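Chains A and B, in that order, are what the protein sequence lines are.
So the first sequence is residues 6 to 401, counted in the numbering used here.
So the second sequence is residues 6 to 401, counted in the numbering used here.
All C-beta atoms, glycine included, are put in the ideal place defined by N, C-alpha and C.
This structure is a prediction, so every number in the text was calculated from the model and none was measured.
Below is one structure, written out as structure tokens; comments come after it.
Number of protein chains: 2
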Amino acid sequence: MFGFKEAEVAELVRAVVPGAHDREQIQTRFAHALWSGLAEPGDRVAGALVRELGASEALASVVERRPAARLASLDATVDDVQQGLDRWTPRLQPAAMLQWLRQAARYGARLHIPGDELWPEGFDGLGESGPLALWTRGKDEALAALAHSIALVGARAATGYGEHVTMEASAGLVDRGFAIVSGAAYGIDGMAHRAALASRGHTIAFLAGGVDRFYPSGHDALLTRIVEHGLVASELPCGSAPTRWRFLQRNRLIAAASQATVVVEAGWRSGSLNTANHANDLGRPVGAVPGPVTSAASAGCHKIIREGFAQLVCTPDEMAALVTGGIPDEPEPVPRENTRLLDALSTRSPRTVDDIAARSGLTVAQTQSELGRLELDGTVRAGERGWTKRGARRET
Amino acid sequence: MFGFKEAEVAELVRAVVPGAHDREQIQTRFAHALWSGLAEPGDRVAGALVRELGASEALASVVERRPAARLASLDATVDDVQQGLDRWTPRLQPAAMLQWLRQAARYGARLHIPGDELWPEGFDGLGESGPLALWTRGKDEALAALAHSIALVGARAATGYGEHVTMEASAGLVDRGFAIVSGAAYGIDGMAHRAALASRGHTIAFLAGGVDRFYPSGHDALLTRIVEHGLVASELPCGSAPTRWRFLQRNRLIAAASQATVVVEAGWRSGSLNTANHANDLGRPVGAVPGPVTSAASAGCHKIIREGFAQLVCTPDEMAALVTGGIPDEPEPVPRENTRLLDALSTRSPRTVDDIAARSGLTVAQTQSELGRLELDGTVRAGERGWTKRGARRET
Chain A
6 MFGFKEAEVA ELVRAVVPGA HDREQIQTRF AHALWSGLAE PGDRVAGALV RELGASEALA
66 SVVERRPAAR LASLDATVDD VQQGLDRWTP RLQPAAMLQW LRQAARYGAR LHIPGDELWP
126 EGFDGLGESG PLALWTRGKD EALAALAHSI ALVGARAATG YGEHVTMEAS AGLVDRGFAI
186 VSGAAYGIDG MAHRAALASR GHTIAFLAGG VDRFYPSGHD ALLTRIVEHG LVASELPCGS
246 APTRWRFLQR NRLIAAASQA TVVVEAGWRS GSLNTANHAN DLGRPVGAVP GPVTSAASAG
306 CHKIIREGFA QLVCTPDEMA ALVTGGIPDE PEPVPRENTR LLDALSTRSP RTVDDIAARS
366 GLTVAQTQSE LGRLELDGTV RAGERGWTKR GARRET
Chain B
6 MFGFKEAEVA ELVRAVVPGA HDREQIQTRF AHALWSGLAE PGDRVAGALV RELGASEALA
66 SVVERRPAAR LASLDATVDD VQQGLDRWTP RLQPAAMLQW LRQAARYGAR LHIPGDELWP
126 EGFDGLGESG PLALWTRGKD EALAALAHSI ALVGARAATG YGEHVTMEAS AGLVDRGFAI
186 VSGAAYGIDG MAHRAALASR GHTIAFLAGG VDRFYPSGHD ALLTRIVEHG LVASELPCGS
246 APTRWRFLQR NRLIAAASQA TVVVEAGWRS GSLNTANHAN DLGRPVGAVP GPVTSAASAG
306 CHKIIREGFA QLVCTPDEMA ALVTGGIPDE PEPVPRENTR LLDALSTRSP RTVDDIAARS
366 GLTVAQTQSE LGRLELDGTV RAGERGWTKR GARRET
């Protein structure tokens with residue numbers, strides 16, 4: 006099978022795909038597993054080829070060095086494919102490739118491929134630059150929870166304010182039935198996962214390297230807890246190191262997997278703005294939490310609100326409303342009609358209708374009519390010597 | 006003149022309008038002075054009548070009890086005018102009216118009427134609900150400065166954060182040549198005036214009562230300093246008490262007089278949101294400063310940003326840009342092309358082009374071309390045993 010021993014492949018694939026039985030299933034899954042390491046995340050040409058030929062046939066084409074001209078399609082020119090082959094071929098190293106699967110099996114990781122029941126529907130929006138596989142560790146039912154999820158992302162250099170808001174947001178969203186998606190980084194990401202775990206909610210961490218390599222290492226304990234109670238996921242095979250490119254591409258998975266992305270704190274150049282950009286490109290709602298203008302950690306949030314591609318959100322309700330619909334606003338009735346009348350009344354000195362009319366600048370008829378209405382409310386009352394109003398005047 | 010002794014009127018008017026000489030000038034100004042106390046601020050029928058007939062003729066119509074049918078116009082029906090007459094007539098109290106002017110003279114106040122050279126151009130946007138007169142104390146040249154002015158308004162219950170931001174905003178806008186308009190209230194308003202005075206800028210305080218009655222009384226010293234170095238203004242004659250209605254109407258003057266309104270801190274029901282509403286109705290730009298979502302004093306700012314009628318502004322530059330044009334954004338180049346290449350390079354271990362190509366997932370040709378370009382930048386260098394990159398990797 007692609008030059009590998011079939012029995013060995015079957016054993017390895019079955020270890021990471023408990024349901025795989027027949028030869029075709031095993032071959033397809035194996036091909037996706039290999040593609041996840043041959044192509045860098047977001048490789049459109051690999052995506053086009055796999056979509057066009059299927060993962061097995063596409064992989065066979067690379068292994069057999071078929072000419073690019075035979076593989077070109079509407080979505081990938083001969084040049085595209087030739088450059089793709091030049092990129093992928095140096096990575097065709099059988100020993101290393103088997104190691105991806107062995108390491109996955111050792112860590113209890115599982116392999117998901119497009120079309121699987123649990124494959125996140127949100128990835129469809131990525132088209133040909135979508136992931137070719139998803140490696141997971143933890144509770145796979147969290148993948149189903151992605152259908153009702155919000156990404157909470159932000160600066161690693163978070164402030165106490167940002168962490169507090171993240172905690173409230175994550176717990177509040179879990180209470181409202183949302184799964185919490187993030188990137189397991191220090192600062193906002195870590196707090197988002199932690200608060201979701203504390204609230205016994207679903208939480209999914211997307212990593213930029215393999216799911217066997219927890220990053221950052223200071224979050225080993227947190228990621229271990231996420232594996233126990235939530236899910237850790239990556240499109241790269243085990244053994245893959247996180248790189249800057251992979252961080253940027255990982256961000257597109259966070260944006261695509263969730264229904265909306267909320268940036269809690271972000272400096273002017275924070276990576277979380279990249280996630281917000283991906284969400285925006287995908288047509289997903291983006292929220293940003295404002296903060297003090299004196300805090301550099303909120304500058305990125307303010308920027309994307311000002312640029313109009315993030316909505317300002319303050320509360321879990323407002324974050325949830327990004328997904329479920331318009332943000333509910335407390336109605337604020339602006340008093341107009343009665344204001345002048347009430348201004349002209351005293352709580353202590355009774356006044357005549359004529360006096361009230363002159364003071365308020367209303368007509369006598371308007372004054373009488375309004376006084377009658379307000380008397381029914383209990384706002385004003387008529388005494389022997391005239392009208393008074395009740396209670397303390399609200400301040401302006 | 007409207008039943009008053011002409012010599013007395015002339016003396017009183019000359020005291021508040023240094024330039025008034027001929028009889029017609031005096032009569033017109035006197036009529037405007039009286040209208041400013043007969044009609045409540047924002048009285049559209051009074052505005053329509055004065056516009057239609059001129060202030061003198063309109064006043065004569067009220068004094069002489071002319072029938073409403075003769076005074077109706079396209080902008081004021083017979084009913085409107087009848088109700089107007091019923092409102093204004095009870096206030097035709099000659100002794101009180103003369104007292105408005107005497108008190109103004111005593112306080113060194115001056116009277117401005119529409120059409121005067123210094124009449125704020127911004128008031129034109131108010132149409133018939135615009136002020137019928139403007140009473141001022143202080144340096145009238147500040148009226149000319151309104152042509153390049155920004156209103157800084159906000160909560161009385163300001164926080165230390167809000168006062169800090171207001172101070173920076175006011176000083177920064179003065180540095181950029183703007184006059185600072187506000188309402189002399191406690192909190193944000195007071196700080197806006199204070200910082201403008203400290204920066205030797207123009208500052209104009211609009212009051213809800215007469216300019217002889219400083220309100221709030223705790224701002225006596227501040228308002229005295231504004232009279233000395235800036236301007237205190239009101240559309241109501243001296244002796245008028247501030248009322249809730251007049252506060253709301255005073256807010257429209259703040260919005261109309263300035264080129265843009267910025268709300269620094271505002272609770273959910275702050276009066277400064279009313280100012281922002283007026284500015285919005287007038288088509289003037291509105292800015293709001295965000296703050297911690299945990300601060301009730303910023304809830305109103307967040308609301309109007311979210312509702313889309315205020316732009317989020319953080320700095321004096323961004324506030325100035327509300328008036329002068331687009332908010333300048335620091336360009337943020339997102340590195341794409343080189344990222345994968347740099348990820349594949351080490352600062353210490355030299356690597357071959359083939360190795361770099363395999364690690365980066367780029368073709369050998371792309372790798373060579375990019376390496377050449379980056380070598381020119383000094384970002385990477387070639388040694389005997391291969392390529393290395395310089396310096397510390399920027400974090401994601």
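Next item on the list: Compute the distance between the beta-carbons of glutamate 45 of chain B and arginine 345 of chain A, then report whether it is under 8 Å.
Entry: Yes, these two residues count as a Cβ contact at 8 Å.
Check: In three-state DSSP terms, what is cysteine 185 of chain A?
Finding: Cysteine is not the amino acid found at residue 185 of chain A; the sequence shown has isoleucine there. Residue state, collapsed to three classes: strand.
Check: Where do the N-terminal and C-terminal ends of the beta strand (DSSP E) with leucine 236 of chain A fall, by residue?
Finding: Leucine 236 of chain A -> beta strand (DSSP E) spans 236-239.
Item checked: Option in B:Ala77, B:Ala114, B:Ala200 and B:Val68 with minimal Cα separation from proline 95 of chain B -> Ranking the options by Cα distance to proline 95 of chain B, first place goes to B:Val68.
Notebook entry, point to check: Under 7 Å Cβ-Cβ, which residues of chain B neighbour isoleucine 3 of chain A?
Noted result: Lying before the first or after the last residue shown, residue 3 of chain A is absent from chain A, which here runs from 6 to 401.
Check: Per DSSP, what kind of secondary structure is tryptophan 250 of chain B in: helix, strand or coil?
Finding: For tryptophan 250 of chain B, the secondary structure class from DSSP, reduced to helix, strand or coil, is helix.
Check: Which residue comes first and which comes last in the beta strand (DSSP E) that contains glycine 159 of chain B?
Finding: Judged by DSSP secondary structure, glycine 159 of chain B falls outside any beta strand (DSSP E); it is assigned neither H nor E.
Checklist line | Reduced DSSP category for threonine 229 of chain A - H, G, I as helix; E, B as strand; rest coil | finding: Three-state DSSP puts threonine 229 of chain A in a helix.
Notebook entry, point to check: With burial defined as no fewer than 16 other Cβ atoms inside 10 Å of the residue's Cβ, what is the status of alanine 152 of chain A: buried or exposed?
Noted result: Exposed is the label assigned to alanine 152 of chain A, since fewer than 16 other Cβ atoms lie within 10 Å of its Cβ.
Note to self: Against chain A, with Cβ distances strictly below 8 Å, would glutamate 168 of chain B count as a contact?
What the structure shows: Chain A, which has no Cβ nearer than 8 Å to the Cβ of glutamate 168 of chain B, makes this no.
Next item on the list: For phenylalanine 128 of chain A, name the three-state secondary structure that DSSP assigns.
Entry: DSSP places phenylalanine 128 of chain A in helix when its eight states are reduced to three.
Note to self: In whole angstroms, give me the CA-to-CA distance for arginine 375 of chain B and glycine 388 of chain B.
What the structure shows: A small correction: the amino acid at residue 375 of chain B is glutamate; arginine does not occupy that position in the sequence shown. Roughly 16 Å between the two C-alpha positions.
Note to self: For glycine 288 of chain A, count the other beta carbons within 10 Å of its own beta carbon; 16 or more makes it buried, fewer makes it exposed. Which is it?
What the structure shows: With fewer than 16 other beta carbons inside 10 angstroms of its own, glycine 288 of chain A counts as exposed.
Note to self: Taking 8 Å as the cut-off, does the segment 226-245 of chain A touch the segment 198-209 of chain A (at least 3 CB pairs, one atom from each stretch)?
What the structure shows: These segments touch.
Check: Looking at the C-beta of tryptophan 250 of chain A, does it have a partner C-beta in chain B at a distance below 8 Å?
Finding: Yes, contact with chain B.
Notebook entry, point to check: At a Cβ threshold of 8 Å, is valine 385 of chain A touching chain B?
Noted result: Not one beta carbon of chain B lies nearer than 8 Å to the beta carbon of valine 385 of chain A.
Next item on the list: Could you tell me the boundaries of the alpha helix (DSSP H) in which leucine 405 of chain A lies?
Entry: In the structure displayed, chain A extends from 6 to 401; residue 405 of chain A sits before or after that span and is not available.
Check: Of all Cβ atoms in chain B, is any one closer than 8 Å to the Cβ of leucine 253 of chain A?
Finding: It does; some Cβ of chain B falls within 8 Å.
Margin query: Less than 8 Å between CB atoms is the rule here; does threonine 344 of chain A satisfy it with respect to chain B?
Written below: Contact of threonine 344 of chain A with chain B is assigned, a C-beta pair being separated by under 8 Å.
Item checked: Sufficient close CB pairs (3 or more, under 8 Å) joining the segment 6-22 of chain A to the segment 105-116 of chain A -> Touching, yes.
Notebook entry, point to check: According to DSSP, is alanine 25 of chain A helix, strand or coil?
Noted result: Correct three-state label for alanine 25 of chain A: coil.
Notebook entry, point to check: Are any of the Cβ atoms in chain C nearer than 8 Å to that of proline 297 of chain B?
Noted result: Protein chains A and B are contained in the structure displayed, whereas chain C is not.
Margin query: Tell me which residues share the same chain as glutamate 11 of chain B and place their Cβ nearer than 7 Å to its Cβ, disregarding the 5 neighbours each side in the sequence.
Written below: For glutamate 11 of chain B, where only same-chain residues beyond five positions count, there are no Cβ hits under 7 Å.
Notebook entry, point to check: Do the segment 172-183 of chain B and the segment 217-228 of chain B touch if we need at least three Cβ pairs shorter than 8 Å?
Noted result: Counting Cβ pairs under 8 Å, fewer than three are found: no touch.
Notebook entry, point to check: lysine 394 of chain A bridges to which residues according to DSSP?
Noted result: Answer by DSSP bridge pairing, in chain order: A:Val385.
Note to self: I believe leucine 79 of chain B touches phenylalanine 7 of chain B by the beta-carbon criterion, under 8 Å. Please report the beta-carbon distance rounded to the nearest angstrom.
What the structure shows: Contact doesn't hold; Cβ gap of about 26 Å is too wide.
Notebook entry, point to check: Does the beta-carbon of proline 1 of chain B have 16 or more other beta-carbons within 10 angstroms, so that it is buried, or is it exposed?
Noted result: A question about residue 1 of chain B goes unanswered here, because the residues of chain B that appear run from 6 up to 401.
Notebook entry, point to check: Using DSSP with H/G/I as helix, E/B as strand and the rest coil, what is phenylalanine 211 of chain B?
Noted result: Strand, per DSSP.
Next item on the list: Alpha carbon to alpha carbon, how far is cysteine 306 of chain B from alanine 325 of chain B? Give it in angstroms, no decimals.
Entry: When rounded, the distance between both Cα atoms is 18 Å.
Check: Tell me which same chain residues have a C-beta within less than 8 Å of the C-beta of glutamate 380 of chain A, skipping the five on either side of it?
Finding: The residues are Arg386 and Ala387.
Checklist line | Top-ranked residue by Cα proximity to arginine 115 of chain A, from A:Ala81, A:Ala100, A:Pro242 and A:Thr393 | finding: The candidate whose alpha carbon is nearest that of arginine 115 of chain A is A:Pro242.
Note to self: In the DSSP output, what is glycine 292 of chain A paired with across the bridge?
What the structure shows: DSSP, once it has assigned bridges, lists A:Val267 and A:Gln316 as partnering glycine 292 of chain A.
Notebook entry, point to check: Does any residue of chain B bring its CB to less than 8 Å from the CB of glutamate 133 of chain A?
Noted result: Closer than 8 Å: no.
Check: Can you find a CB in chain B that lies within less than 8 Å of the CB of alanine 363 of chain A?
Finding: For alanine 363 of chain A, the answer is yes, since a Cβ of chain B falls inside 8 Å of its Cβ.
Notebook entry, point to check: By Cβ distance below 8 Å, which residues in the same chain neighbour arginine 353 of chain B in space, the five residues on each side in sequence not counted?
Noted result: Contacts found: Thr393.
Notebook entry, point to check: Can a CB atom of chain A be found closer than 8 Å to the CB of histidine 198 of chain B?
Noted result: Not one chain A Cβ lies under 8 Å of histidine 198 of chain B.
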